[in-house]
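Trainee:
In the working numbering, the protein residues as written are 1 to 313.
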């Protein structure tokens, strides 16, 4: 296989900032090799999707982030990764007309319609490779920990402020029988998420991705992503504009209303497209991820661009 396919592994197809830019992790580097990655991402949340799949185009927000990550292969089978994003977030509204007070559900952090910023969650992970030939299989465990006590109530927040333990398996195959430049890989992960107010919100994430090396240095890929939350709160079918802050759906108390943004039963389908280009001493990558359908989630899109620099001891 040409160099373009394995080197494209640094391409980011991230949606949530709580995780690192999701790379192709079925294949692992040999011992002593690693990468340092810096990536930027912009997420436009264009509306809230309710339990019946309808979209309310209110409460829009925009997030931007700079992500730093280092990955290193301790042995030919074991590698470790550490990373953290610095996030900017802004509530877009739309704001009420002049002279009209803000609705009661608009949180204090959102009332200025200004940028909030801060470090988000530290991510640590370890990968162990089981197969690393034309067919690859790698297992991993990751832990996400809030870096500090940042604000998490509202739209213009840098994260959910929840601890997570994730276990995952990545599998890939090079389709040399069709083309030496073509590969397919898949990933499944299960996240054990910190419970709040006795509401479980563990989740499953699955990704199927195809990558094609157009040249020895340029590759293109596409991905389909699915998320299922095991638990969480349903927002109901009415627009989230309760008078005087009265809750809706399964958000039935003031305490649940305060926490609902990070406790929703977020189920969604998304698709992603990306390009990566390998230079002599670095990889450049660019990707787009868009919302397709779902419930109790955000509609929107994400743009990611970054640079991965390999190193060797």
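Note that beta-carbon positions come from the ideal geometry of N, C-alpha and C, so glycine has one too.
Taking three-plus beta-carbon pairs below 8 Å as touching, is the region 173-181 in contact with the region 137-148?
Mentor: Segments in contact, no.
Trainee: Just the Cα atoms here: how many angstroms apart are residue 3 and residue 78?
Mentor: Caution is warranted here: a pLDDT of 36 is assigned to residue 3, below 50, making its placement in the model unreliable, and the coordinate value is therefore given only provisionally. Distance between the alpha carbons of residue 3 and residue 78 is about 22 Å.
Trainee: Just reading off the beta strand (DSSP E) that residue 233 is part of, what are its end residues?
Mentor: Counting along the chain, residue 233 falls outside any beta strand (DSSP E), and DSSP gives it neither H nor E.
Trainee: Going by DSSP, what residue range makes up the alpha helix (DSSP H) through residue 254?
Mentor: Residues 254-259.
Trainee: Which residue marks the beginning of the beta strand (DSSP E) containing residue 115, and which one marks its end?
Mentor: Taken as a continuous stretch (DSSP letters only), the beta strand (DSSP E) holding residue 115 covers 115-119.
Trainee: Starting from residue 269, trace the beta strand (DSSP E) both ways and give me its first and last residue.
Mentor: From DSSP, the beta strand (DSSP E) with residue 269 extends over 267-278.
Trainee: Thinking C-alpha only, which one of 175, 199, 232 is nearest residue 213?
Mentor: Nearest option by C-alpha distance: 175.
Trainee: Compare the C-alpha of residue 131 against each of 73, 191, 170 and name the closest.
Mentor: Measuring from the Cα of residue 131, the nearest candidate turns out to be 170.
Trainee: Does the Cβ of residue 32 have 16 or more other Cβ atoms within 10 Å, making it buried, or fewer, making it exposed?
Mentor: By the neighbour-count rule (16 or more Cβ atoms within 10 Å), residue 32 is not buried but exposed.
Trainee: Please return the same chain residues whose Cβ sits closer than 6 Å to the Cβ of residue 231, not counting the five positions on each side in sequence.
Mentor: Closer than 6 Å at the Cβ level, and outside the excluded window around residue 231, lie 200, 201.
Trainee: Below 8 Å, can you find three or more Cβ-Cβ pairs linking the region 43-52 to the region 106-124?
Mentor: Flag = no, the region 43-52 and the region 106-124 do not touch.
Trainee: Is the beta carbon of residue 204 closer than 7 Å to that of residue 51?
Mentor: Their beta carbons are not under 7 Å apart, which means residue 51 does not touch residue 204 by this criterion.
Trainee: For residue 92, which residues in the same chain have their Cβ closer than 7 Å to its Cβ, ignoring the five residues on either side in sequence?
Mentor: Closer than 7 Å at the Cβ level, and outside the excluded window around residue 92, lie 60, 61, 62.
Trainee: According to DSSP, simplified to helix, strand and coil, what is residue 170?
Mentor: Strand.
Trainee: With DSSP collapsed to three states, give me the class of residue 158.
Mentor: Note: residue 158 maps to coil in three-state DSSP.
Trainee: Evaluate the contact criterion for the region 261-277 versus the region 209-227: three or more CB pairs, one atom per stretch, below 8 Å.
Mentor: The region 261-277 vs the region 209-227: in contact.
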